[in-house]
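Numbering (this note's numbering), first residue to last: 40 to 309.
Down below is the structure, laid out as structure tokens.
Written out as structure tokens, the structure reads:
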């Protein structure tokens, strides 16, 4: 497998990302990471996709990982989505004949949901894992406070695999500080925009852990009820926590994602 860096100018500075490729190139997969993390945490997902025949592209969002910007600060997710749209354009320029799928996790799932509303008709399908859609009680509680507490995400809520939390806590590219009010307000605005924009009729899959304490499934279910259109599918996993792509049943989750992708990839030309 070949892995290489990519860079381009995003809406607020230099965007840094990665591409993964193997011997086959049947489709393109765009990976969209969540809050406070970076695309390097999805290397195992990219490798599984490459083994399936994908060419994989991912970026670190503004203020995240190796990209430019104040750490964990996002003031407009519409512009973040446009950074991802630039990634899609780059992928298309390098592989113009391949269909494209998008996989977004957590905050990246929120970005993926809005991306599907804006540009879903150009994608073969979209997959949302543990997405922030609908209502998120933690967001409302934090915004109601006069001062945001210095309380970073507890690594224990990510996965039943303790090694995942340990690696997250030790990762210098992960943001380990508090939420910033401007980012929280941008999250709230994006949720409102998604709710107002309504149904996605293109193929879209929602996957969620039933024991997710960080983004509880009940709040996301409300958002899914507004989002799911004619080609929507959903599945949840008992006892799984927030990072279902890093959970003890991660291979089952990846199998489900690949099954959905192959259901919606166009037939190859003769």
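All C-beta atoms in this analysis are idealised placements derived from N, C-alpha and C, irrespective of residue type, glycine included.
Exposure label - residue i; buried when at least 16 CB within 10 Å
i	result
residue 201	exposed
residue 171	buried
residue 216	exposed
residue 83	exposed
residue 90	exposed
residue 42	exposed
residue 149	buried
residue 40	exposed
residue 241	buried
Sequence-distant residues of the same chain with beta carbon closer than 6 Å to residue i, five excluded per side
i	result
residue 204	194, 195, 197
residue 63	92
residue 88	68, 95
residue 238	268
Reference residue i; option with closest CA among the options
i	options	result
residue 70	140, 277, 264	140
residue 284	55, 51, 72, 59	72
residue 66	281, 233, 138	138
residue 125	231, 100, 40, 113	100
residue 119	132, 134, 102	102
residue 236	220, 221, 210, 264	264
residue 227	90, 76, 113, 105	113
residue 246	240, 186, 262, 231	262
Sheet register partners of residue i (DSSP bridge)
i	result
residue 42	59
residue 71	143
residue 165	141, 243
residue 271	243
residue 54	47
residue 154	Per DSSP, none; premise fails for residue 154.
Beta-carbon contacts of residue i that lie in its chain and below 7 Å, excluding the five residues immediately before and after
i	result
residue 121	50
residue 304	66, 138, 163
8 Å CB neighbourhood of residue i in its chain, flanking five on each side removed
i	result
residue 199	278, 279, 280, 286, 287
residue 252	196, 280, 281
Minimum length 3: unbroken beta strand (DSSP E) runs contained in the segment 110–151: The qualifying runs are 139–144.
In chain order, each alpha helix (DSSP H) run of at least 4 residues that lies wholly inside the segment 77–110: 82–90
3 or more residues per run - each beta strand (DSSP E) lying fully within the segment 175–260: 243–248
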